[in-house]
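Colleague: The structure follows.
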Amino acid sequence: MTALLLDDVSHTFGTRVALAHLTLGVRPGRVTALIGLNGAGKTTALRALAGRLRPAHGVARVLGHDPAGLPADVAARFGQVVDTPLVHQELTVTENLVCAARLHGEPGRAAAPRASAAVGRMGLEPWRHARARSLSMGNRQRLGIACATLHRPTALILDEPTSALDPQGVVIVRELVRELADDGAAVLVSSHHLDEVARIADEIVVLHAGRDVGRLEPGGTDLEQRFFAMVLDADTRAVTDAGSRS
Ligand SMILES: Nc1ncnc2c1ncn2[C@@H]1O[C@H](COP(=O)(O)OP(=O)(O)OP(=O)(O)O)[C@@H](O)[C@H]1O
1 MTALLLDDVS
11 HTFGTRVALA
21 HLTLGVRPGR
31 VTALIGLNGA
41 GKTTALRALA
51 GRLRPAHGVA
61 RVLGHDPAGL
71 PADVAARFGQ
81 VVDTPLVHQE
91 LTVTENLVCA
101 ARLHGEPGRA
111 AAPRASAAVG
121 RMGLEPWRHA
131 RARSLSMGNR
141 QRLGIACATL
151 HRPTALILDE
161 PTSALDPQGV
171 VIVRELVREL
181 ADDGAAVLVS
191 SHHLDEVARI
201 ADEIVVLHAG
211 RDVGRLEPGG
221 TDLEQRFFAM
231 VLDADTRAVT
241 DAGSRS
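Per the UniProt record's numbering, the very first residue in the sequence shown carries number 1; after that it's consecutive.
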């Protein structure tokens with residue numbers, strides 16, 4: 001079964017095309033990376049899966065359901081960090097994690113140990129009792145990822161999860177994502193960093209101007225060169241198509 005699905009999804013903001021006929025699916029146990037230049041459409045694709053945007057055309061599905069109205073038992077198996085993390089600024093790190101555990105259906109007695117384990121896992125011990133609003137950007141990102149993953153989701157979407165992280169945080173997130181996938185989760189992650197996603201992804205989808213313009217083999221060589229060749233080729237085709245229409 002495809003756990004995360006975008007089927008022929010298109011969306012525009014005014015005249016600006018954000019997504020054009022994007023189809024992709026992530027199966028359990030797989031990590032798919034969406035890679036593209038600024039404005040390529042990565043966040044829009046993830047917002048459609050997070051239920052934050054209803055695409056003008058096409059279908060988004062999380063574990064077989066419309067993400068805008070996930071049943072509670074399905075929401076409890078889903079994790080996401082898209083746009084801003086679901087973190088309450090006035091709560092402490094531990095309180096946020098307990099809250100996230102409860103929201104994802106953990107019984108009361110299990111929430112505190114889950115929160116404690118997540119604090120350790122994400123390297124947040126020194127800030128365990130700090131309010132979220134006082135955290136640095138990187139630690140806020142660590143907390144957001146912890147809140148989205150401490151219930152061990154079977155479907156997970158992460159929008160640029162390492163953008164604010166130091167090298168230690170990058171390794172922590174890399175190992176966490178790979179571990180969840182190896183335990184059977186379907187993970188869709190967006191990034192600008194080819195070398196980073198090449199280490200965790202089973203498949204790399206190149207998005208450009210809202211379109212899927214090709215796939216890169218994570219273990220392949222010259223990824224950067226091949227990425228730019230795909231983007232250039234897509235731009236050349238777009239200009240040629242526009243010319244032949246006029
Ligand atoms: N709320 C919005 N209103 C208007 N235009 C939008 C909105 N959200 C996205 N866009 C436009 O849609 C296109 C895709 O944006 P999106 O944020 O999905 O790209 P991205 O690949 O995530 O970019 P980045 O790497 O910079 O985060 C861009 O041209 C962007 O300007």
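Glycine included, every Cβ here is placed at the ideal spot set by N, Cα and C.
Along the chain, where does the beta strand (DSSP E) containing glutamate 203 start, and where does it finish?
Modeller: 203-208
Colleague: For histidine 57, tell me which candidate among Gly214, Val9 and Gly184 has the shortest Cα-Cα distance.
Modeller: Val9
Colleague: For serine 244 and alanine 234, what's the separation of their Cα atoms in angstroms?
Modeller: C-alpha of serine 244 to C-alpha of alanine 234: approximately 15 Å in a straight line.
Colleague: Do alanine 185 and alanine 148 count as a contact pair if the criterion is CB distance below 8 Å?
Modeller: no
Colleague: Which same chain residues end up closer than 7 Å to arginine 174 when comparing Cβ atoms and leaving out the 5 residues on each side of it in sequence?
Modeller: Arg199 and Ile200
Colleague: Quick check: the region 9-22 against the region 204-211, are there 3 or more CB pairs under 8 Å?
Modeller: yes
Colleague: Apart from the five residues on each side of it in sequence, which residues of its chain come closer than 8 Å, Cβ to Cβ, to threonine 44?
Modeller: His11, Ala18, Leu19, Leu53 and Gly210
Colleague: Cutting at 8 Å between CB atoms, please list the residues of its own chain near alanine 132, excluding the five before and the five after it.
Modeller: Val87, His88, Gln89, Glu90, Leu91, Thr92, Val93, Asn96, Arg140 and Leu143
Colleague: What are the boundary residues of the alpha helix (DSSP H) that includes alanine 45?
Modeller: 42-50
Colleague: Taking only runs of the alpha helix (DSSP H) that begin and end inside the region 82-146, which ones reach a length of at least 4 residues, in chain order?
Modeller: 93-103 and 108-121
Colleague: Is it right to say leucine 165 is buried, meaning 16 or more other beta carbons lie within 10 angstroms of its own, or is it exposed?
Modeller: buried
Colleague: Compare the C-alpha of leucine 232 against each of Thr15, Ala48 and Leu37 and name the closest.
Modeller: Among Thr15, Ala48 and Leu37, the Cα nearest to that of leucine 232 is on Leu37.
Colleague: Which residues mark the beginning and the end of the alpha helix (DSSP H) in which alanine 198 is found?
Modeller: 194-200
Colleague: Spatial neighbours of arginine 27 within its chain, please: C-beta separation below 8 Å, excluding the five flanking residues on both sides.
Modeller: Met1, Thr2, Ala3 and Ala186
Colleague: Which residue comes first and which comes last in the beta strand (DSSP E) that contains serine 190?
Modeller: 186-191
Colleague: Give me the residue from Arg215, Val239, Gly219 and Thr240 with the minimum Cα distance to phenylalanine 228.
Modeller: Nearest option by C-alpha distance: Arg215.
Colleague: Where DSSP assigns a beta bridge to phenylalanine 13, which residues make up the other side?
Modeller: Paired residue(s): Arg16.
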